[in-house]
Structure formats: structure tokens, C-alpha cells
Amino acid sequence: MFPHLFHIGSFAVPTYGFMAAVGMVCGLAVVFRLARFRGLDPDQMWNLGGIAAFSGIIGSKLLLLVLDWRDYVADPGRIFSIATLQSGGVFSGGLLLALACVWWYVRRHKLSYLSVADVFAPGVALGHAFGRIGCLAAGCCYGRETHVPWAITFHNSWAAEFSGTPLGRPLHPTQLYEFAAEAINFAFLYWLCKRKQFEGQVIALFMIVYGIERFIFEFYRGDPGRGEVFGGLMTTTQLIALGLVVGGFVIYLRRAPLRSLLASTPAGKKREAPTVSRA
């Protein structure tokens, strides 16, 4: 791991924060490029990008506090500790709050929410991929103990002190799992955004695909504070992931041209077969 890029006296530049910043810049660059391609105002996208980034940071921190509320109630000072401030929080919380704030902005400026969400989806996936590299460098968001050939082992005491990372034990590299998934998501969504058939197709598929991925990755996460619902049947993050999947399907099915979907089925093709005139 590589928690700090460099030190200037007692001041250290955290790798996670640097990677998150790089991810935000690269993600916004993608958004601006796609916005111009789709005919959206780049200035409005800049403002919206700042709102989405800030609300994403706040939302991820808030969900972290909610999931670990017992620890923070027992020790309120932890809220402003270095570990909490440097923590990336819970991505699902950031995504939900960012979506809500984006919805407010586009309503106020009378923009198409789905059009805006479509151009932001690839940028969000790319930014998240960079963020997961930062997680690996910091030792947070680690996986369960495993003995697979690709397991990773942390030895830096900084990780144990600030993230509670188990040292000297082989763990699932969940940070790399999600990095790879989001990198693939970005490539697919970027390609799709220039070829989409209807507004909302890109964000809907992102919600569906990422929700499924995150639900699966939760089984391999080993860090505490995952939260539990339904008597421990699943984690809070998995419940949110299911919500993303359902929401994505709702958007897709409501926006997809129903006629084209029916026409693609064998029954639909049979119904649309040309009839012979009897005149």
C-alpha cells in the first residue's frame, strides 16, 4: 500500500484524496465531452458537476455515519478524526445524494434529467474506478480473508491504525474487483452514450449493472460497518444496490420504445408480418 504521496514536514498528501481528485477531474472531462456531443450546455454541466461531486462526498460520509452510528455515538470525537475525514465513506450514499441534488438542479433549470444523467453516468463510473485505486493505497474497503492466488496482504501499520485493516493476512482485493468492474462500465457506458436509442438508457443500464456488481462484491468485503437489514439477511449496501437495480429497470422499461421491444420478439415479428390484401 502507499497511503501518502509525499510529506512536507508534518503535512502529508494522502494518496486516496489525490486519486479521488484525479477521478473527479477525469470524470468531469468525460462529462463535458459527452455534453457537447449531446448538445447540452457545458457551463451548466460544470455547475452540475461541482454540485454532484460535493453532494457525493457529503452523501458518502453521511451513510458512513449512519451505518457506524453506534461507534460515533459512543465516541463523538471520531466524527472529526483524521480517519473519518480521510475515509471515502460509502459510495452508495454518495450516489443517492448526488442523484437527488442533480434532480433538484435540472428541475430548477428546466433541463432533461435523463439526458443529463446519461452524460454523467460514464464520468461517475470512471471517477469511481480511480477512487478504488485510492482505497487500495489507503488499505480501506478491504476484503475477507482468503487463500486464492490473487489475494493481497497488508503490512503497513498505518492501515491498521486508520482503517482497521488486518495485517499479515491474505485478503480478497475487493478494491481491485470494483476498479476492474467500473473501468469496464465506463468503457461500455461511454460507447453507449454516443449510440443510445432513448433518453435514460445509459443511466438505467448503469444503475442495473453497478447494482448487481455491488451486491455481489459485498459478499467479499471484510471491513466492518456494512450494516444489516432483515435480520442479517443482507447488508444495508446490498439493499441500496437492489434499489438501484429496481430503479434502473423501471427507468428502462418506462422509456424504452415498447413497440421496438415487442417487435424484437418472435411473437412480435409474427404479429408484424405483412398481410395480403384481399381487395
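Numbering-wise (our numbering), the sequence shown opens with residue 27 and increments by one. In this text, a Cβ means the ideal position worked out from N, Cα and C, and glycines have one as well.
Exercise. Would the beta-carbon of A124 fall within 9 Å of that of S81?
Worked result: The sequence position of residue 124 within the sequence shown is 98, counting from 1. The sequence position of residue 81 within the sequence shown is 55, counting from 1. Cβ distance < 9 Å, so A124 and S81 count as in contact.
Exercise. What are the start and end residues of the alpha helix (DSSP H) that includes F32?
Worked result: Position 6 of the sequence shown, counted from the first residue, corresponds to residue 32. Element bounds for F32: not the alpha helix (DSSP H) but the beta strand (DSSP E), H30 to I34.
Exercise. Can the beta-carbon of F180 be found less than 9 Å from the beta-carbon of L193?
Worked result: Taking the sequence shown and counting its residues from 1, the one referred to as residue 180 is at position 154. Taking the sequence shown and counting its residues from 1, the one referred to as residue 193 is at position 167. Yes, the Cβ-Cβ distance between F180 and L193 is below 9 Å.
Exercise. I266 CB to nearest chain D CB: under 9 Å?
Worked result: No chain D is part of this structure, which consists of one protein chain only.
Exercise. Per DSSP, which one or two residues make a beta bridge with R247?
Worked result: As a working mapping, residue 247 is identified with position 221 in the sequence shown. According to DSSP, which records beta bridges pairwise, R247 is partnered with G169.
Problem set entry | Backbone secondary structure at L88 - three-state DSSP | Within the sequence shown, numbered from 1, the residue matching residue 88 stands at position 62. Helix at L88.
Exercise. T179 by DSSP, collapsed to three states: which one?
Worked result: As a position in the sequence shown, residue 179 is number 153, starting the count at 1. DSSP places T179 in strand when its eight states are reduced to three.
Problem set entry | Length at least 4, wholly inside the region 38-93: the alpha helix (DSSP H) runs in chain order | 41-64 and 68-93
Exercise. Exposed or buried, what is R134 when buried is set at 16 or more other beta-carbons lying within 10 Å of its beta-carbon?
Worked result: Here residue 134 refers to the residue found at position 108 when the sequence shown is read from its first residue. Exposed: under 16 other Cβ atoms inside 10 Å.
Problem set entry | Sub-9 Å separation of C166 and A186 beta-carbons | As a working note, residue 166 is residue 140 in the sequence shown. As a working note, residue 186 is residue 160 in the sequence shown. Result no, Cβ atoms of C166 and A186 do not sit closer than 9 Å.
Exercise. What distance in whole Å lies between the Cβ atoms of T263 and S118, which are believed to be in contact at a cut-off of 8 Å?
Worked result: Position 92 of the sequence shown, counted from the first residue, corresponds to residue 118. Position 237 of the sequence shown, counted from the first residue, corresponds to residue 263. That belief holds up - the Cβ atoms of S118 and T263 are roughly 5 Å apart, short of 8 Å.
Exercise. According to the neighbour-count rule (16 or more other Cβ atoms, all chains shown, within 10 Å of its Cβ), is E208 buried or exposed?
Worked result: By 1-based counting over the sequence shown, the position of residue 208 is 182. With 16 or more other Cβ atoms within 10 Å, it is buried.
Exercise. With respect to the alpha helix (DSSP H) encompassing T191, which residues constitute its N-terminal and C-terminal limits?
Worked result: On the sequence shown, position 165 is the one that residue 191 refers to. T191 -> no alpha helix (DSSP H), and no H or E assigned at all.
Exercise. Taking the alpha-carbon positions, what's the R280 to G85 distance?
Worked result: What you label residue 280 is simply residue 254 of the sequence shown in a count that begins at 1. What you label residue 85 is simply residue 59 of the sequence shown in a count that begins at 1. Roughly 28 Å between the two C-alpha positions.
Problem set entry | Cβ pair L231, L218 closer than 9 Å | In the sequence shown, the residue the question calls residue 231 occupies position 205. In the sequence shown, the residue the question calls residue 218 occupies position 192. In contact: L231 and L218 (Cβ atoms closer than 9 Å).
Problem set entry | the region 55-62 touching the region 29-44, judged by at least three CB pairs closer than 8 Å | no
For this session: Rounded to whole angstroms, what's the CA-CA distance from N182 to G273? Just pull it up for me.
Result: Reading the sequence shown from its first residue, position 156 is the one you call residue 182. Reading the sequence shown from its first residue, position 247 is the one you call residue 273. For N182 and G273, the distance between alpha carbons rounds to 40 Å.
Exercise. So does the region 59-72 actually touch the region 134-146, counting three or more Cβ pairs closer than 8 Å?
Worked result: yes
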